[in-house]
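>
Numbering (the numbering used here), first residue to last: 4 to 69.
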């Protein structure tokens with residue numbers, strides 16, 4: 004516990020790095036894979052939401068008929 008606090012305090016004491024010195028980091032293969040996975044998951048989620056919406060609409064239509 005102590006060492007992490009010490010490390011945090013050391014990091015806080017360091018001056019912030021100017022933006023022009025921070026080279027734009029190249030995206031690694033893992034970053035790209037994660038991005039792809041997130042995109043896929045969102046697509047599936049959107050499809051599921053759309054199916055649910057259609058299902059609920061059908062349910063409401065049936066209720067109105069009665």
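Every residue gets a Cβ at the ideal spot worked out from N, C-alpha and C, and that includes glycine.
Since the structure is predicted, the reported quantities are computational estimates derived from the model, not experimental observations.
1. Looking at the structure shown, is residue 7 part of a helix, part of a strand, or coil, going by DSSP?
2. Look up residue 29 in the DSSP assignment and say whether it is helix, strand or coil.
3. State the DSSP-derived secondary structure class of residue 61, mapped to helix, strand or coil.
According to the structure data:
1. helix
2. coil
3. helix
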